[in-house]
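Counting from 1 along the sequence shown, just add 14 to a position and that's the residue number in our numbering. Single-structure report; data block below.
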Amino acid sequence: MSAVLARNSSEEPSSYMEAIWLDIGPVDQLPALGARTLPVQGGEEIAIFRTANDAVFALRDACPHEGGPLSQGIVFGESVACPLHNWCIDLKSGTASAPDEGSVERFAVAVVDGVVELG
Ligand code: FES
Numbered sequence: 015m016s017a018v019l020a021r022n023s024s025e026e027p028s029s030y031m032e033a034i035w036l037d038i039g040p041v042d043q044l045p046a047l048g049a050r051t052l053p054v055q056g057g058e059e060i061a062i063f064r065t066a067n068d069a070v071f072a073l074r075d076a077c078p079h080e081g082g083p084l085s086q087g088i089v090f091g092e093s094v095a096c097p098l099h100n101w102c103i104d105l106k107s108g109t110a111s112a113p114d115e116g117s118v119e120r121f122a123v124a125v126v127d128g129v130v131e132l133g
């Protein structure tokens, strides 16, 4: 795993926008319509999801209902169904579909030249 430092092109040092992007490997290593988890020291794992269209999303691997492992859910469209009680979570926003309520933390993720980077 390597880190990439990204900054905007502003001349003003005070306006630097620093972000650390972690290279977490080739997108092909993510199962289509599935997920892999990324361990977080001292915290809950992050689930990296891949849709049928190769879109990639990152959410905390804990359902907003009772903390079920979203990484073990079923990915459909741009949502995941939690394996415990079938709540549907929008992968873009991390929000549960109505009538359920709640949301899970999401993370910036990008695919650059076939490599998944987590921001
Ligand atoms: S823990 Fe996910 S639906 Fe209940």
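Here a beta-carbon is modelled for each residue, glycine too, at the ideal position from N, C-alpha and C. Note that the coordinates shown come from a computational prediction; the quantities given were computed from them, not determined experimentally.
Less than 8 Å between the beta carbons of residue i and residue j, yes or no?
i	j	result
V70	V126	no
L44	R120	no
A46	A61	no
P83	A110	no
Does DSSP put residue i in a helix, a strand or coil?
i	result
G128	coil
L73	strand
V54	coil
S107	coil
D37	strand
L19	The pLDDT assigned to L19 is 30, lower than 50, so where the model puts this residue is not dependable; a value taken from the coordinates is nonetheless given after this. Reduced to three states, the DSSP call for L19 is strand.
P27	Low per-residue confidence applies at P27: pLDDT is 40, beneath 50, and the placement is therefore not dependable enough to give any value.
Taking 7 Å as the line, does the beta carbon of residue i fall inside it for any heavy atom of ligand 1?
i	result
G56	no
L98	yes
Who does residue i pair with in a DSSP beta bridge?
i	result
G48	R64
A95	I88 and C102
V123	L132
Okay, do the segment 88 to 105 and the segment 49 to 68 touch, 3+ Cβ pairs below 8 Å being the bar? Counting C-beta pairs closer than 8 Å gives three or more between the segment 88 to 105 and the segment 49 to 68, which meets the contact rule.
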